[in-house]
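Numbering (the numbering used here), first residue to last: 1 to 163.
The C-beta atom is built at its ideal place from N, Cα and C for all residues, glycine as well.
Predicted model only: the values in this text are computed from it and were never measured.
Encoded as structure tokens, the structure appears first; notes follow it.
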Amino acid sequence: MVIYYYFFLILSLFCLIEKSLSINVRNIILFLISSLLIVFMGTRYFVGGDYNAYFKFYYNLGALDSFLISIKTSGGDIGYNLLSYLLFYLGFDVNSLNLISALIVVLSLIYYSLDHKYTARIFLISFPIFIIVVAMGYTRQSIAIGLFLVALTHLKNKKILNF
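Dropping the structure here:
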């Protein structure tokens, strides 16, 4: 439990000093914090509201004959199911899926935050609910929100085709 407080403290300190940092130093600190978040979120094991469902689905992929059957049995989510299916048949475990999901979420948050003046504030604000509750609890939903943040950034910059 203490590690959550440490992350929040690090993000709070980053917010306080971000204004006085050069862009290069800010980006290095952002890279380090993001890397720690990816490892922290991606290496969780049996954490989250849907973890049992994700765990069962992932290891039941071997019993299914094809990707299309796996989509029918899981109720949709083609992108997530395709990623799960590929990782399973490449021999990776469910922790690899969590790590890649965390990578997608954090990279999306970075992309969104770099388009704003105070990057650290976005990370600090998103940490308690988006990162801890949603990203670590509901993997598919967090990926969807992360991709939505990317889409919002494109819309803000008037890149309608990318949006």
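Less than 8 Å separating the beta-carbons of residue i and residue j?
{"i": "Phe148", "j": "His154", "result": "no"}
{"i": "Phe185", "j": "Ile33", "result": "Because the chain in this structure spans residues 1 to 163, residue 185 falls outside the shown range and cannot be described."}
{"i": "Lys156", "j": "Asp115", "result": "yes"}
{"i": "Tyr45", "j": "Leu97", "result": "no"}
{"i": "Asp77", "j": "Arg26", "result": "no"}
{"i": "Gly146", "j": "Ser84", "result": "no"}
{"i": "Ile129", "j": "Ser101", "result": "no"}
{"i": "Tyr89", "j": "Val150", "result": "no"}
According to the neighbour-count rule (16 or more other Cβ atoms, all chains shown, within 10 Å of its Cβ), is residue i buried or exposed?
{"i": "Val105", "result": "buried"}
{"i": "Thr119", "result": "buried"}
{"i": "Ala53", "result": "exposed"}
{"i": "Tyr5", "result": "exposed"}
{"i": "Asn24", "result": "exposed"}
{"i": "Asn81", "result": "buried"}
{"i": "Ser113", "result": "buried"}
{"i": "Leu87", "result": "buried"}
Nearest CA to the CA of residue i: which residue from the options?
{"i": "Gly42", "options": "Cys15, Phe14, Ile131", "result": "Ile131"}
{"i": "Arg121", "options": "Asn24, Val39, Leu9", "result": "Leu9"}
{"i": "Ser12", "options": "Gly79, Leu30, Ile160", "result": "Leu30"}
{"i": "Leu37", "options": "Glu18, Phe7, Lys56", "result": "Phe7"}
{"i": "Met1", "options": "Leu99, Phe40, Ile160, Leu152", "result": "Phe40"}
{"i": "Ala135", "options": "Ile160, Leu103, Ser20, Ser22", "result": "Leu103"}
{"i": "Tyr138", "options": "Lys19, Cys15, Ile17, Phe55", "result": "Phe55"}
Determine, using beta carbons only, whether residue i comes closer than 8 Å to chain D.
{"i": "Leu152", "result": "No chain D is present in this structure, which holds just one protein chain."}
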